[in-house]
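Trainee: Take this structure, written in structure tokens, and hold onto it; I'll ask about it next.
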Amino acid sequence: MKVAIYVRVSTKDQTTENQILKVKEYCGQQGWEVYQIYRDEGVSGAKQSRPALDQMLQDMRQKKFKAVVTWKYDRLGRSVLHCLQVLEEMKNKNIRFIATSQSIDTSTPMGKYFLTNLLALAEMERELIRERINAGLDRAKAEGKKLGRPVGSKDKNRRRRSGYHLRWQKERGNV
Numbered sequence: 000m001k002v003a004i005y006v007r008v009s010t011k012d013q014t015t016e017n018q019i020l021k022v023k024e025y026c027g028q029q030g031w032e033v034y035q036i037y038r039d040e041g042v043s044g045a046k047q048s049r050p051a052l053d054q055m056l057q058d059m060r061q062k063k064f065k066a067v068v069t070w071k072y073d074r075l076g077r078s079v080l081h082c083l084q085v086l087e088e089m090k091n092k093n094i095r096f097i098a099t100s101q102s103i104d105t106s107t108p109m110g111k112y113f114l115t116n117l118l119a120l121a122e123m124e125r126e127l128i129r130e131r132i133n134a135g136l137d138r139a140k141a142e143g144k145k146l147g148r149p150v151g152s153k154d155k156n157r158r159r160r161s162g163y164h165l166r167w168q169k170e171r172g173n174v
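At the far end of the sequence shown sits residue 174, using numbering that gives the first Met the number 0, and the numbering has no gaps.
Shown next as structure tokens:
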């Protein structure tokens, strides 16, 4: 069977390599041929439009592979509605969705059921993270802390060169 591998990480500081290794190993054990690896790096799962995901969906519509294999279901996304729309389109094209680390395969009724429930949990987790971040920001504001980057500090390399990054690490006890 010819499959597409989809991997995603939310920040540029993270890497998709661990996901790729695990998924390729799984595909090899199954005897599947990898058509292409689609990787979105530094892209939130909350976004419906992602470059690699969009390309994968275009290739899926052209029937270039029979299944989409990913490491975990939440790599596909963190919005239940969007994920269900993508999964419905996959179903209509007879494309399987497989999350290797969770033994989810939408070619079975039980796999579809578990995936739907897990997608709801992923969206809830994203909302809880957002709540905690906002609560922390509200607390910091109430304590009078100035939020945001200093003026002219948008370039991380420039911050490192200017010493801002080092001062920031020292303030937090990281150096």
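Idealized CB from N, CA, C, for every residue including glycine.
Quick check: the Cα distance between Arg74 and Glu142, rounded to an integer number of angstroms?
Mentor: Position 75 of the sequence shown, counting from 1, holds the residue named residue 74. Position 143 of the sequence shown, counting from 1, holds the residue named residue 142. One C-alpha to the other measures close to 36 Å.
Trainee: If you check the beta carbons only, do Ala119 and Val79 fall under 8 Å apart?
Mentor: Start at 1 with the first residue of the sequence shown, and residue 119 comes out as number 120. Start at 1 with the first residue of the sequence shown, and residue 79 comes out as number 80. The answer is yes: Cβ separation under 8 Å.
Trainee: Please report the straight-line C-alpha distance between Lys144 and Arg138, rounded to a whole angstrom.
Mentor: In the sequence shown, counting from the first residue as 1, residue 144 sits at position 145. In the sequence shown, counting from the first residue as 1, residue 138 sits at position 139. Whole-angstrom Cα-Cα distance: 9 Å.
Trainee: Buried or exposed: Gln18, going by 16 or more other Cβ atoms within 10 Å of its Cβ?
Mentor: Taking the first residue of the sequence shown as 1, we reach residue 18 at position 19. The residue is buried, with at least 16 neighbouring Cβ atoms inside 10 Å.
Trainee: Going straight from the alpha carbon of Thr15 to that of Met89, what length do you get?
Mentor: What you label residue 15 is simply residue 16 of the sequence shown in a count that begins at 1. What you label residue 89 is simply residue 90 of the sequence shown in a count that begins at 1. Rounded to whole angstroms, Thr15 to Met89 spans 23 Å at the Cα level.
Trainee: Give the DSSP-derived three-state secondary structure of Lys111 in the structure shown.
Mentor: The count along the sequence shown starts at 1 and reaches residue 111 at position 112. Helix.
Trainee: Where does the unbroken alpha helix (DSSP H) through Asp73 begin, and where does it stop?
Mentor: If you number the sequence shown from 1, residue 73 lands on position 74. Note, Asp73: premise wrong, no alpha helix (DSSP H); not H, not E.
Trainee: Does the separation of the CB atoms of Trp70 and Val22 fall below 8 Å?
Mentor: Here residue 70 refers to the residue found at position 71 when the sequence shown is read from its first residue. Here residue 22 refers to the residue found at position 23 when the sequence shown is read from its first residue. The answer is yes: Cβ separation under 8 Å.
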